[in-house]
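Input: a single structure, listed below in structure tokens.
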Amino acid sequence: SAVISQKPSRDICQRGTSLTIQCQVDSQVTMMFWYRQQPGQSLTLIATANQGSEATYESGFVIDKFPISRPNLTFSTLTVSNMSPEDSSIYLCSVADRDSKNIQYFGAGTRLSVL
Amino acid sequence: AQKVTQAQTEISVVEKEDVTLDCVYETRDTTYYLFWYKQPPSGELVFLIRRNSFDEQNEISGRYSWNFQKSTSSFNFTITASQVVDSAVYFCALTGYNQGGKLIFGQGTELSVKP
Chain A
11 SAVISQKPSR DICQRGTSLT IQCQVDSQVT MMFWYRQQPG QSLTLIATAN QGSEATYESG
71 FVIDKFPISR PNLTFSTLTV SNMSPEDSSI YLCSVADRDS KNIQYFGAGT RLSVL
Chain B
7 AQKVTQAQTE ISVVEKEDVT LDCVYETRDT TYYLFWYKQP PSGELVFLIR RNSFDEQNEI
67 SGRYSWNFQK STSSFNFTIT ASQVVDSAVY FCALTGYNQG GKLIFGQGTE LSVKP
């Protein structure tokens with residue numbers, strides 16, 4: 011399986027600021043995804059990061075709040091904009107490839123606390 | 007609509023006991039894929055198993071076994087002779103063939119194995 015590096019691993023941020031999370035994969039992958047896991051909750055898909063085009067967002071998530079970039083097949087970023095305490099969550103990126111039989115492999119996640 | 011239900015929010019067992027984690031799913035897709043992931047306290051999601059809708063054979067991997075029954079829309083996970091290292095949150099997840107890889111997660115079952 012691919013090796014996924016996510017940075018930062020954790021951060022504490024002030025209300026109203028923005029944080030960019032990076033996801034780097036050690037091999038080219040077809041699909042990259044961003045999930046949010048609120049405290050004590052399950053994972054919810056934010057968006058699918060599309061290489062060279064705009065991300066595909068799920069209901070309840072918008073580009074202005076969670077802008078995503080994917081400049082190539084090994085790298086993506088998620089920005090959490092204008093943060094509020096409600097954005098305190100774990101943010102995880104995952105990757106899948108046509109050869110991986112729909113299996114998604116996850117990074118270690120970014121633990122975000124907003125004060 | 008797709009849905010995954012893990013009715014057991016928390017389970018506590020003593021080491022060496024067997025434990026079964028339940029997962030019930032809903033989907034209108036005829037082709038779909040089911041997964042189990044483990045999330046230890048470190049936070050990273052670890053892939054355990056994938057099963058497609060056409061393969062109802064049970065699977066055993068060491069102390070882990072999975073029972074997939076389409077008739078009851080269930081995909082249960084059993085740990086035999088549990089160990090303290092099995093303590094984690096376990097997630098069941100589902101994606102349909104035409105869902106673009108979007109994973110629908112259950113709420114998770116927190117397993118605590120006490121020595």
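Line by line, the protein sequences are chains A and B. Numbering of the first sequence is given in the numbering used here, commencing with residue 11 and proceeding in unit increments. Numbering of the second sequence is given in the numbering used here, commencing with residue 7 and proceeding in unit increments. Cβ atoms here follow ideal geometry from the backbone N, Cα and C, with glycine treated the same way.
According to DSSP, is residue i part of a helix, a strand, or is it coil?
{"i": "D21/A", "result": "strand"}
{"i": "E62/B", "result": "coil"}
{"i": "S37/A", "result": "coil"}
{"i": "E96/A", "result": "helix"}
{"i": "S80/B", "result": "strand"}
{"i": "S110/A", "result": "helix"}
{"i": "V13/A", "result": "coil"}
{"i": "V90/B", "result": "helix"}
{"i": "Y96/B", "result": "strand"}
{"i": "C29/B", "result": "coil"}
{"i": "G106/B", "result": "coil"}
{"i": "E23/B", "result": "coil"}
{"i": "V72/A", "result": "coil"}
{"i": "S4/B", "result": "The question about residue 4/B has no answer here: the residues shown for chain B are numbered 7 through 121."}
{"i": "S48/B", "result": "coil"}
{"i": "S104/A", "result": "strand"}
{"i": "T30/A", "result": "strand"}
{"i": "Q63/A", "result": "The question names Gln, but residue 63/A is Ser in the sequence shown. Of the three classes helix, strand and coil, the one that applies to S63/A here is coil, per DSSP."}
{"i": "R57/B", "result": "strand"}
{"i": "R34/B", "result": "coil"}
Let me check understanding here. Comparing Cα to Cα, which of the options lies closest to residue i?
{"i": "R34/B", "options": "F111/B, S118/B, Q105/B", "result": "Q105/B"}
{"i": "A13/B", "options": "V119/B, P121/B, G112/B, K120/B", "result": "G112/B"}
{"i": "P81/A", "options": "G119/A, T40/A, I22/A", "result": "T40/A"}
{"i": "S1/B", "options": "V10/B, E21/B, Q8/B", "result": "The structure shown does not extend to residue 1/B, since chain B is modelled only from 7 to 121, so the question has no answer here."}
{"i": "S110/A", "options": "Y96/B, N58/B, C98/B", "result": "N58/B"}
{"i": "T101/B", "options": "C29/B, T84/B, I55/B, F41/B", "result": "F41/B"}
{"i": "L88/A", "options": "S69/A, S11/A, E96/A, A59/A", "result": "A59/A"}
{"i": "S11/A", "options": "L122/A, A106/A, A118/A, G70/A", "result": "A106/A"}
{"i": "S37/A", "options": "S94/A, V13/A, S123/A", "result": "V13/A"}
{"i": "P121/B", "options": "V90/B, V95/B, S67/B, Y70/B", "result": "V90/B"}
{"i": "K44/B", "options": "G107/B, A87/B, Y103/B, F83/B", "result": "F83/B"}
What first and last residue would you give for the beta strand (DSSP E) that runs through residue i?
{"i": "P81/A", "result": "78 to 82"}
{"i": "A59/A", "result": "53 to 59"}
{"i": "L122/A", "result": "120 to 124"}
{"i": "E116/B", "result": "115 to 120"}
{"i": "F74/B", "result": "70 to 75"}
{"i": "F85/A", "result": "85 to 90"}
{"i": "F41/B", "result": "38 to 45"}
{"i": "T11/B", "result": "9 to 11"}
Using a cut-off of 9 Å between C-beta atoms, extract the partners of residue i located in chain A.
{"i": "G106/B", "result": "M41, T58, T66"}
{"i": "F97/B", "result": "S52, L53"}
{"i": "Y31/B", "result": "Ordered by position in chain A, no residue passes the 9 Å Cβ test against Y31/B, which lies about 14 Å from the chain."}
{"i": "Y39/B", "result": "K111, N112, I113"}
Does at least one heavy atom of the ligand GTP sit under 7 Å from the Cβ of residue i?
{"i": "F74/B", "result": "For the ligand GTP, the structure offers nothing, since it holds no ligand at all."}
Residue i versus chain A: which residues are under 8 Å apart at the beta carbon?
{"i": "R56/B", "result": "K111, N112, I113"}
Could you work out which residues of chain B lie near residue i, taking near to mean beta carbons separated by less than 8 Å?
{"i": "A3/A", "result": "What the structure shows of chain A is the stretch from 11 to 125, and residue 3/A is not part of that stretch, so it cannot be assessed."}
Under 7 Å Cβ-Cβ, which residues of chain A neighbour residue i?
{"i": "Q113/B", "result": "S52"}
Return the Cβ separation of residue i and residue j in integer angstroms, given the expectation that the two are a contact with Cβ distance under 8 Å.
{"i": "L109/B", "j": "Q114/A", "result": "6 Å"}
{"i": "C23/A", "j": "L122/A", "result": "7 Å"}
Just the chain B side, please: which residues come within less than 7 Å of residue i by C-beta, in chain order?
{"i": "I100/A", "result": "G49"}
Which residues in chain B have a C-beta closer than 9 Å to the C-beta of residue i? List them in chain order.
{"i": "R121/A", "result": "G49"}
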